[in-house]
Structure formats: C-alpha cells, structure tokens
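Numbering (full-length UniProt numbering), first residue to last: 1 to 360.
What follows is a short report on a single structure.
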C-alpha cells in the first residue's frame with residue numbers, strides 16, 4: 001500500500017512539473033503588432049504598437065494635428081514612445097511631432113538630418129534639443145534595433161547618402177522603412193518618389209511587402225509600375241486628406257494599384273486604418289467601414305454582361321459595347337481606353353469609375 005502511495009505521489013509530482021514547463025508555452029498568447037495609419041488629413045502619421053511594449057511613431061502631420069495624435073496614443077494606454085521618426089522636413093510630416101515631443105516622453109528621434117529652411121522644422125529640432133532626446137540619423141542599409149521586441153525588425157531602405165544633397169526636392173531624403181513582423185511586412189515610404197524607388201530596385205533591395213504605404217499621398221511622382229511589381233503588396237494604404245488641393249491620390253496611381261488588383265484603403269474614405277498581425281495573418285479595420293469588408297468594384301475586363309449592368313449609371317448599350325470590345329481587341333488597360341467607346345462620355349466615365357477596376 002505504501003509503495004503504491006509513493007508511486008502515485010511521484011506520478012502527480014511528475015505531471016505537475018511537466019505542466020509547469022509545457023502549459024505556459026501553450027497558453028502564451030502570440031505577440032502581435034498593430035500599425036495605425038492615423039487620419040491627420042493631408043499628411044502622414046503612422047503608429048506601430050506591439051504587444052511586447054514597443055511603440056513607434058512615424059511622422060505627425062501638420063502642426064495642428066499634434067494634440068489629436070497625443071489623445072489617440074494615450075487612449076491606447078501608451079505612456080511613452082520608444083522611437084519617433086520624422087521621415088523628412090516637410091510640415092505635413094513633422095509639424096504635429098512638436099506637440100507630441102512636448103506632451104509625452106520620447107526616448108529617441110530618428111531624422112534624415114538635413115539642413116532645411118523652415119520655421120516649423122527649426123522648432124521641431126529645437127524641441128528635440130531642449131527635451132534632451134537622443135537624436136540620430138540613418139541611411140539605406142541601417143537596421144533599427146528594438147531590443148524590447150525581438151519579433152519586430154526595422155530595416156532602413158532609404159535615403160542614400162548622396163540624396164542628402166537634395167537639390168530642389170526634399171522629398172528625396174525621405175526615410176523608407178521596411179517593418180517586418182514574422183511573415184507580414186510593411187513598406188513605409190514617406191514622400192519617396194521615382195528616384196528613390198529606382199535606386200532601391202537598382203540596388204536589388206528586398207522590397208516585397210504585404211502592406212504598402214503609398215508614397216507621397218498618391219502623387220503621380222511615386223509608386224511606379226516596376227516598383228509596385230517588386231513590392232507586390234496585397235494592401236495599399238494612402239494617407240491623404242479629403243478634397244485636398246493637390247489632386248491626391250492621382251488617377252495614374254489608382255489605376256496602377258487597381259491594375260495589379262491591390263486592395264486600397266484611404267484615410268479620406270476610411271478614416272483611421274489599423275492593421276493587426278500576429279506575424280502569420282493580418283486583419284484590416286477602419287474607422288469608417290466604407291467597402292472595408294469586401295471589394296465591390298466590378299472587373300471591367302472579366303465581368304459578364306449582367307454584372308456590367310449592375311454598375312450604377314451603366315446602360316445596356318455601353319455594357320454591350322464593352323463586351324464586344326473585349327472580344328475584338330482584348331482588355332482595357334485604363335480609363336482612357338474606355339473613352340474609345342461610342343456609348344460613353346467623360347461625365348459618365350467619372351460616374352462609373354468608383355465602381356470598376358481594370359485587372360486582367
């Protein structure tokens with residue numbers, strides 16, 4: 001009887017020890033990363049918020065956005081920022097950071113470190129100096145270490161050293177970051193344009209990313225076709241203000257994104273956009289759930305006659321002409337090719353454009 005009791009006790013102790021070793025691992029939640037594309041109107045503001053306690057703010061919109069950003073990050077329970085990155089000196093990127101730097105503890109600031117004649121940029125640099133915040137610069141090829149979160153890797157893809165002598169366009173010095181979290185990655189491009197895109201392609205940089213923050217608010221001077229092919233994103237986010245004076249995002253960029261069947265989210269349409277990932281899968285949530293759950297646009301190059309007729313403003317004559325054109329000439333490459341049809345006017349094209357896409 002005593003021997004059996006000893007055996008039972010030994011078995012129980014063994015089970016407890018094994019459980020202590022195994023179950024914490026099994027029960028431990030996967031680390032996650034949230035990337036918040038905060039709606040600051042016509043400007044950029046991106047917050048990286050990891051479950052391991054790392055918080056990074058990239059850009060802050062215009063100066064009048066600063067208080068809004070502070071409220072936003074405090075509501076997430078963030079009491080300090082591990083890192084702030086000002087991608088380049090334009091006011092719609094670093095202006096709001098002045099209030100942020102004054103309003104919350106910031107451990108470190110990264111900046112291109114160029115000379116730029118701007119009162120707002122000077123105030124931003126003065127604030128960093130007065131707050132005694134660690135200030136560093138980066139170039140293409142650098143790695144930004146975040147020791148608190150080993151799952152999050154930050155690779156600097158631009159600027160290149162010779163771009164710091166930026167000439168007429170300070171957008172060329174934009175810091176481009178590839179944030180990698182497991183198998184999900186984010187390419188965050190600031191206002192980088194064709195020159196930076198071409199340099200990265202020429203230098204055979206690994207651009208492939210799950211989510212692309214479209215460069216320069218969707219300006220026609222960025223997001224080239226070869227660049228998009230190299231990035232091959234599933235999702236594109238455009239930080240842009242409603243009814244802005246620049247025509248952003250441009251039709252050219254939207255057409256290139258639509259042609260590659262990339263899901264588009266925009267601050268002017270969707271409000272703040274949050275991508276959450278565990279490193280394997282991701283989900284996109286938006287402040288305004290406009291078309292967020294599914295893409296309702298009709299593929300103009302594949303849709304049968306009946307689906308074409310479901311497009312608001314579509315007439316039977318135009319739908320029939322679209323089908324006939326495809327059978328005789330092939331696919332439509334862009335909206336301008338639709339204007340070749342007899343049954344369409346520029347006004348009608350603008351009416352149906354939000355409801356169609358041009359994928360092959």
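Glycine included, each C-beta is placed from N, C-alpha and C at the ideal position.
Keep in mind that this is a model prediction, so the values were computed, not measured.
Every alpha helix (DSSP H) stretch that sits fully inside the segment 168-215 and reaches 4 residues is listed by chain position as 194-202.
Taken through DSSP and simplified to helix, strand or coil, residue 51 comes out as coil. Taking C-alpha positions only, residue 205 is separated from residue 343 by approximately 46 Å. Judged by DSSP in its simplified three-state form, residue 323 adopts helix. Listed in chain order, the non-local C-beta contacts of residue 258 below 6 Å within the same chain comprise 357, 358, local neighbours out to five positions each way being set aside.
For residue 97, the secondary structure class from DSSP, reduced to helix, strand or coil, is helix.
Looking only at 194, 181, 315, 306, the smallest Cα-Cα distance to residue 173 is reached by 194.
For residue 227, there is no enclosing beta strand (DSSP E); the residue is found in the alpha helix (DSSP H) stretching over 225-231. Scanning 124, 157, 136 for the CA closest to the CA of residue 189 turns up 157.
Secondary structure at residue 332: coil, using DSSP grouped into helix, strand and coil.
Taking a contact to require three or more Cβ pairs closer than 8 Å, the segment 74-83 and the segment 269-281 do not qualify as touching.
Burial check for residue 62: the Cβ neighbour count within 10 Å reaches 16 or more, so the residue is buried. The Cβ atoms of residue 43 and residue 65 lie closer than 8 Å to each other.
Annotation: the continuous beta strand (DSSP E) that includes residue 35 extends over 33-37.
Closest in C-alpha terms to residue 215, from the list 113, 234, 346, 175, comes 175.
Judged by pairs of C-beta atoms under 8 Å, the segment 216-226 touches the segment 234-251, as three or more such pairs exist. Looking at the DSSP output, residue 105 bridges to 80. Shown here for residue 41: same chain residues with a beta carbon closer than 6 Å to its own, the five before and five after excluded, namely 241 in chain order. Only residues of its own chain outside the window of five on either side were considered, and among them 98 have a CB closer than 6 Å to the CB of residue 123, listed in chain order. By the neighbour-count criterion, in which 16 or more other beta carbons inside 10 Å mark a residue as buried, residue 163 falls on the buried side.
For residue 349, the closest C-alpha among the options 313, 327, 317, 110 is that of 313. One Cα belongs to residue 32, the other to residue 230, and the distance between them is close to 26 Å. Shown here, residue 155 sits in a strand according to DSSP, grouped into three states.
By the Cβ neighbour-count rule, residue 200 is buried, with 16 or more other Cβ atoms within 10 Å of its own. Residue range 119-130 is occupied by the alpha helix (DSSP H) that includes residue 126. Looking from the CA of residue 323, the closest CA among 306, 334, 335, 336 belongs to 306.
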